[in-house]
Amino acid sequence: IKGGDQIIEINGEDILGLDRKEVISKLEARFDIEIGTSIDLTIQRSGESEPIKTTVVTDEIIVQGSPMITANISEIELEKIINSQPNVLVYVFSSNCGACAASEEAVNKFRDIYSDEIILIKLNAYDIEYSSFIVENSVYVTPTFVQFENGTSTKNWSGMIEDPKVLYEKIKN
Numbered sequence: 001i002k003g004g005d006q007i008i009e010i011n012g013e014d015i016l017g018l019d020r021k022e023v024i025s026k027l028e029a030r031f032d033i034e035i036g037t038s039i040d041l042t043i044q045r046s047g048e049s050e051p052i053k054t055t056v057v058t059d060e061i062i063v064q065g066s067p068m069i070t071a072n073i074s075e076i077e078l079e080k081i082i083n084s085q086p087n088v089l090v091y092v093f094s095s096n097c098g099a100c101a102a103s104e105e106a107v108n109k110f111r112d113i114y115s116d117e118i119i120l121i122k123l124n125a126y127d128i129e130y131s132s133f134i135v136e137n138s139v140y141v142t143p144t145f146v147q148f149e150n151g152t153s154t155k156n157w158s159g160m161i162e163d164p165k166v167l168y169e170k171i172k173n
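Numbered per the UniProt record's numbering, the sequence shown spans residues 1 to 173.
(1) In or out: V166 buried (at least 16 other Cβ within 10 Å) or exposed?
(2) Can you tell me which of V88, I8, S158 puts its alpha carbon nearest to the alpha carbon of S46?
(3) Based on DSSP bridge pairs, tell me the residues matched to F148.
(4) If you compare alpha carbons, which of I15, S25, E22, D19 is closest to L41?
(5) Going by beta carbon distance, what residues of the same chain come within less than 8 Å of A102, once the five residues before and after it are set aside?
(6) Leaving out the 5 sequence neighbours to the left and right, which residues in its chain are closer than 6 Å to P67 when beta-carbon positions are compared?
(7) One question on the structure: do T58 and I35 come within less than 7 Å of each other, judged by their Cβ atoms?
(8) Taking the beta strand (DSSP E) that N108 belongs to, which residues open and close that run?
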């Protein structure tokens with residue numbers, strides 16, 4: 001599965017028109033999701049004329065002391081991390097954003113100082129993989145920070161950050 005792929009069927013059931021949360025809820029209700037469960041997916045990929053059928057096997061994503069996640073993770077993996085960790089901060093940036101470039105040093109220092117308290121995830125706003133996240137969390141400009149506590153979005157703010165302590169204060173207050 002690649003970024004931008006659209007899942008159109010799960011185990012032969014049409015899911016077009018459902019949002020991500022409805023799909024996950026449907027999966028959890030229909031299957032006793034355990035590690036090692038096989039799920040048949042049909043996906044539509046840009047540039048492909050025919051849908052692609054594939055089977056995925058569920059696995060557990062463990063985040064232990066991961067100070068910052070910057071690798072390309074799927075939106076489902078993103079949701080699993082958000083829902084399994086008590087404190088998550090998602091930093092949405094774009095490569096052509098001056099305020100994002102100016103915030104980068106403070107964000108990296110924040111990661112170094114506060115990694116024991118909060119998981120920091122960096123998402124590129126232009127990565128189509130995260131379009132649902134961006135819409136659902138009202139990300140209109142970059143940089144935007146979205147804070148989650150125990151899986152629930154609690155704060156969302158935008159703007160340049162020059163001091164990691166200011167970022168920490170925004171989270172705590």
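Even glycine gets a Cβ: it sits at the ideal position worked out from N, Cα and C.
Short version:
(1) exposed
(2) I8
(3) V88, S153
(4) I15
(5) M160, E162
(6) Legend: pLDDT at P67 = 47, less than 50; position of this residue unreliable, value from coordinates given subsequently. For P67, where only same-chain residues beyond five positions count, the Cβ hits under 6 Å are R111, S115.
(7) yes
(8) Segment 98-114 is the alpha helix (DSSP H) holding N108; no beta strand (DSSP E) there.
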